[in-house]
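Participant:
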Amino acid sequence: METKLNKKQMEKARRSCGFNYGIDIEAEGSRGGLCLAWKSVNMVTLRSYSKWHIDVLVREGCTQQEWRFTGFYGSPYLKDKNFVWNLLRRLSQDGSYPWLVAGDFNEILYSFEKSGGAPRDHKRMEAFRDTLEDQLVDIGFSGTWFTWERGNLPETNIRERLDRGWQMMRENQSTCSGPGRFRFEAWWSMEETFEGLLKEFWFSCQLPLWDRLMRLQLCLKDWAGSIRRGRVGIKKRLTKELEFFLGQERDDETMSKIIDTKIHLNLEIDREEVYWEQRARVNWLQLGDKNTAYFHKWATSRKMTNSITKLLSDDGREITEASTIIETATEFFENLFASQDGGDSQKVLDGIQRTISNETNEFLLSPFREEEVWAALKSGEVMKFCLGILNEGKGVGPVNATEIVLIPKIPNPSTLVNFRPISLCSVLYKIVAKTIANRLQNVIGGCIDEVQSAFVPGRLITDNVLLAYEILHTFRQKRTGLKGFMAVKLDMSKAYDRVEWDFVKKVMLKMGFEQEWVGLIMKCISSVSYAVNINGHRGLSSLMRIAKKSGLVKGVKVSRKGPEISHLLFADDCMMFGEATEQGAKNMKDILNEYAKCSGQCVNFNKSTIFYSSNTSQAAKESVTAMLGVRNSSNPEKYLGLPNMLGKKKKAAFQNILDKISLKIDSWSTRFLSQGGKEIFIKSVLQAIPTYPMSCFLLPKTLCEMIEGKLARFWWQKGAGKRGIHWCKWSHLCRSKEEGGLGFRNMAQFNVALLAKQGWRLLTSPNSLVARVFKAKYYPDCGFRDSHLGNSSSYVWRSIWAAKATLEMGLIWRVGSGEKISVFNDAWIPKYGNVRLIPYVDNLHFVKVAELINSNQRKWNRSLIESTFPANEAELILQIPLTQHSQGDLLVWAGELSGEFSVRSSYKLLQNNDPTVYDLQDIYDGFYSKLWKIDIPLKIKLFIWKISLNYIATRVNMSFRNLTSSSLCPRCGSGEETTNHLFRVCPTSVMIWSDLPEIVTVFSSSTDFVEWLTKTLANLSLTELDAIRRVNQSTLTETVKWRSPLCQTVKINFDGAFDARFKLSASGVVVRDHQGFALLSSTELHEGVVSPFVAEAIACRRATQLALEINNGKVIIEGDSLSIIKKCNTNVIDKSQVGSFIHDIQELKNRVPHVRFEFVPRSANTLAHILATETLRRKESVYLENGVPPYAENQLKTEYAREPD
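In this text, residue positions in the sequence shown follow this note's numbering: the first is 2, and each later residue adds one.
1. Can you look up His886 in the DSSP assignment and give me helix, strand or coil?
2. Cutting at 8 Å between CB atoms, please list the residues of its own chain near Ile235, excluding the five before and the five after it.
3. Nearest to Thr1040 by CA position, among Arg48, Gly974 and Ala1165, is which residue?
4. Sort out for me which residues DSSP pairs Pro409 with in a bridge.
5. Are the CB atoms of Leu366 and Glu517 nearer to each other than 8 Å?
6. Alpha helix (DSSP H) containing Gly1: first to last residue?
7. Is the Cβ-Cβ distance between Glu1085 and Arg1103 less than 8 Å?
8. Mapping DSSP to helix, strand and coil, what is Lys1128?
9. Buried or exposed: which applies to Ala281, given that a residue is buried once 16 or more other Cβ atoms fall within 10 Å of its Cβ?
10. Any idea which residues DSSP pairs His1155 with across the strands?
11. Please classify Leu1197 as buried or exposed, where buried requires at least 16 neighbouring CB atoms within 10 angstroms.
12. Is Tyr1184 buried or exposed, if buried means 16 or more other CB atoms sit within 10 Å of its CB?
13. Buried or exposed for Gly976, please, with buried defined as at least 16 other CB atoms from any protein chain shown within 10 angstroms of its CB.
14. Hey, could you find the ends of the alpha helix (DSSP H) Gln442 is sitting in?
15. Can you give me the C-alpha to C-alpha distance between Arg773 and Asn588, rounded to a whole angstrom?
16. Go to Ile26, then tell me how far its beta strand (DSSP E) extends in each direction, as first and last residue.
17. Return yes when at least one heavy atom of the ligand GTP lies under 7 Å from the C-beta of Asp667, else no.
18. Please report the residue range of the beta strand (DSSP E) in which Leu569 lies.
19. Relative to the C-alpha of Phe1059, which candidate in Thr1174, Asn963, Val1071 and Leu407 has its C-alpha closest?
20. Anyone know if the C-beta pair for Leu756 and Ala804 falls short of 8 Å?
21. Kindly confirm or deny that the stretch 891-898 and the stretch 1135-1148 touch, where touching means at least three C-beta pairs closer than 8 Å.
22. Which residues does DSSP list as the beta-bridge partners of Trp55?
23. Hey, quick one: how far does the alpha helix (DSSP H) through Tyr693 stretch, first residue to last?
24. Using the beta-carbon count (16 or more within 10 Å), is Cys783 buried or exposed?
25. Just the Cα atoms here: how many angstroms apart are Pro982 and Gly104?
26. Which value, in whole angstroms, describes the spacing of the CA atoms of Ile839 and Asn862?
27. Closest to Leu163 by C-alpha separation, out of Lys52, Ser112 and Asp81, would be which residue?
28. Between Glu1012, Ile109 and Lys702, which has its C-alpha nearest Arg160's C-alpha?
29. Kindly say whether Lys562, judged by its beta-carbon, lies nearer than 8 Å to any beta-carbon of chain B.
30. In terms of residue numbering, what span does the beta strand (DSSP E) encompassing Glu108 cover?
31. Note down the Cα distance separating Trp68 from Gly96, rounded to an integer number of angstroms.
32. Does the structure place the stretch 615-629 close enough to the stretch 475-493 that three or more beta carbon pairs sit under 8 Å?
33. In whole angstroms, what separates the C-alpha of Phe655 from that of Ile708?
34. As a quick exercise: from Asn873, Ile878, Leu883 and Ala434, pick the residue whose alpha carbon is nearest that of Ser856.
35. If I follow the unbroken beta strand (DSSP E) through Cys36, where does it start and stop?
36. For Glu192, which of Lys200, Gln168, Gly166 and Ile228 has the nearest alpha-carbon?
Shown next as structure tokens:
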């Protein structure tokens, strides 16, 4: 502690507190002064001290073990910071004892550790973080988070967390653990004997499925134990053998032994890595590199974090015994999950309308098929078991036994409220539940109110973020009107755990679900049994709707013509809006109480907050606050994790993004990762952190640059606190890998790409709640594309509007009728370089694309187009497909073949239009594409990438940066150490290359270095890697043949063939009955086809036309194009380049009574393939009844009368 006392005063104070022993360091005037005090039971030995620290060894009681303690006081003055941090670094070097360092460091690690006052300088916090060793673990805290406070008024109050403690990481720390449970170990599947053991047990045991699984657990545990006991020392033995063989002369036998030993050693390392990876729960590194040390460290840290060593009971007692902790947790969750005496739910049910039709119920209650359960299972017994529950009414039984595992929500939790319960269900139950959920997903959109922004196809969590921000922005701008408005952010206590099952049942029945379907769902949720494992709203919307109709609640509008919004829901995060009057508050509280009684949900008013519009009087605020019993907030808290209001200091508002990135980087050591691991970590973890806020807000450019700077420092640094050499700009690393970069993100461009997605949703989902709100306020008389920024607009609207230009660059019209498309003002020709046509004649009389189409024949007016436009433009226009049945024009996204917007293609569009990006030199064409496809460890590929771009620390490069005085090669001294000299010219390198017989190298001095590197790369011998793949992989291919349909069913097979040179395609279609007899065969040629994808779509349309012509009843249409078959099986509007053909197919499908489309592999579609390819080769069409052309007769006979489907 800092004493600010002289030595005599400190000793007197220490003894008065009962500490007879101590070390006192005198203060300098009224500043400083340290004291370490202890009682006689402890043996303390002084190691070192200064005015900043006291370092001692401690021996407690009669034990012989010693541990080290350092009391530390950080300087509050900037001029002393560097000296103090260097002192802390020196103290951390001694790792011979377990170490605890604690004290007042007078510095914070992250900006969220300070409240009030000016923001802390980012470099000061980073200097403090760089000082801390990787093995130091924060010991946490109890009591108040902030340890220092100043200022008695809210506007001057400043709080900081300056006092803390760290301990050296120790793996063998005792923790409270519950009963052991079975875990499937990922490394088991790598054992050669595993598959045989599994098959032998499964087919020899005749017990029921659940009992058999329980017995299998015991069998696998015994087998795994024997395997692990026999593997002790194998890794060391293989390493010694490899060292021995590497020292021998090379011959065929020695090389074979080296390769064989390396294979087995790599497999052993893989097993160990998989073992620790499973415990670390770090999946992003699986594509990085071999790194058992990192997984081991992370798993140990994770175990310490999740362990429950003590709890506080309701009466304040501290519980530390394992058995008592388990009893307390069990009692807590028994009370939490117990059913409460609910109120009368009839009022809630009155506001729920029937949304489930009879057709929907028929679909839901149709028998579940095997492919619905789980196609990947391919286990007859598991399939039979699950279908028995789903179709035959069998009970769930022990399958629904669930373990509750507690995950801490905050650091060092002490009460069960601060743990998140996670239910661990059995795999069998998950299969049953997932099958039900998949079927329910098709109708869920009609069951969920539009104010619920997620968990429904077509809705995003960001919708409610945008709406909440827009509403609160309106509150701040509202300064007139007699009545104010309020926004209440509710805290739902344990929202996922407090739901009355009877209430769920009544709501589903009122919606219109059949009793049988409701019973199936209730069987799943009500049959659960829980065991706590330690360590190891539609209803609310209904009430609000009734209240709005009766005038009890009045929602808010962000504009006069906009929709009225009374509440926003996202799972347990709820925000309610209404008039800020005493009566309005009373009505709202009555609604919440009624909902709580019926549903079992509980609103915690003490943790809820309320925000008022600017025109609300003080008297109204006081009466509303007293009625609701919630606290006022002048600046609303975050909603769904993002700020509700932003002022001028936007960079400070998003400072937490930088803190999260720093926290991730600082939570583990860079020495545990190679460069390959760093790449995966940056892409999968660090760059994902700002994605969510970037989806709603345009971040300041300086903040994006700070994020990129932090990522760049991490990428180039060699260790914690070491800067490293930045060999190139971050923008160079952001180029794609094929262009010489690494595919990292340019944060500002990625931010715009994410916001462009919001603009796309406003365009394509005009009926969504968020689109209606924004249209009514910002573009009531036009579309989003013609909207203006306007005055006093909110920050979210300005953010979306900033991405409008990017959206415009990628939009293109898909021609339907052509009536909406301007010939010269719109983009409508795919792959046209100028985007929009340039008029060559001033007096052209047509302005719409519809005037270029012969509407009667649904074909282009060829003569008009060829006489009006240049040949190249006319050819592109004539290649645009038209529907046989007229449809509306569609605005689609040109960056994706599907026509749907994607952030990836939008980001690529921004990169391609960036004028600051450098062009790749011609000599690198194709080099990087080859490099990244080679199957070698990622860290080796990154090293080759560095070599190709001269990003390595040669003497010449170091001399250029003034880091060395000599540029001569340190090995030969005969020339400057350039990259070329290092790898080709230096005698040492030449000798090494000559000893590698597998690699043929080019040493001609006239050969360019990149060319030499490319040829050397191509000649790399991958013998060892191929051998490892042969050991780890075994593929079994099964040829699928054509099968005849059932009786009274016709099967139509189609295929397309494509000639890219002449833009020509052929379609082949054959119709066969249940005996395999060819009823009809038809082939056609098509001009102006641009891709094989289009050729397949044309063939599928022809097959559907024939299905309508033969009018047989039940028809199966088969093809080997999975994408086309999927599109045909949906009823949504297709925006891809084959959209016109899919539209025709969907129109024809509606006219065929019983038709379905199925995908088959090429081997089962051979006859149609022969018809298409031969037609394209012979350039002649065929239409034959009761037969096929002579060139296809042999294939027809081969497939004739096979066993039916």
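From the three backbone atoms N, C-alpha and C, an ideal C-beta is built for every residue, glycine too.
Facilitator: With the given structure in hand:
1. coil
2. Glu269
3. Ala1165
4. Phe420
5. yes
6. Given that the chain is displayed from residue 2 to residue 1206, the structure contains no residue 1 and the question cannot be resolved.
7. yes
8. helix
9. Because the pLDDT at Ala281 is just 49, under 50, the model does not fix this residue reliably, and the value given afterwards should be weighed accordingly. So Ala281 counts as buried.
10. Lys1115
11. buried
12. exposed
13. exposed
14. Val428 to Gln442
15. 27 Å
16. Tyr22 to Ile26
17. As for the ligand GTP, it is missing from this structure, which has no ligand bound.
18. His568 to Phe571
19. Thr1174
20. yes
21. yes
22. The question names Trp, but residue 55 in the sequence shown is Ile. In the DSSP output, where bridge partners are listed per residue, Ile55 has Tyr50 and Gly72.
23. Thr692 to Met695
24. exposed
25. Rather than Pro, the amino acid found at residue 982 in this sequence is His. Roughly 54 Å between the two C-alpha positions.
26. 19 Å
27. Ser112
28. Ile109
29. No chain B appears in this structure, which consists of one protein chain only.
30. Premise fails: Glu108 is in no beta strand (DSSP E) and is neither H nor E.
31. 11 Å
32. yes
33. 11 Å
34. Leu883
35. Leu35 to Trp39
36. Ile228
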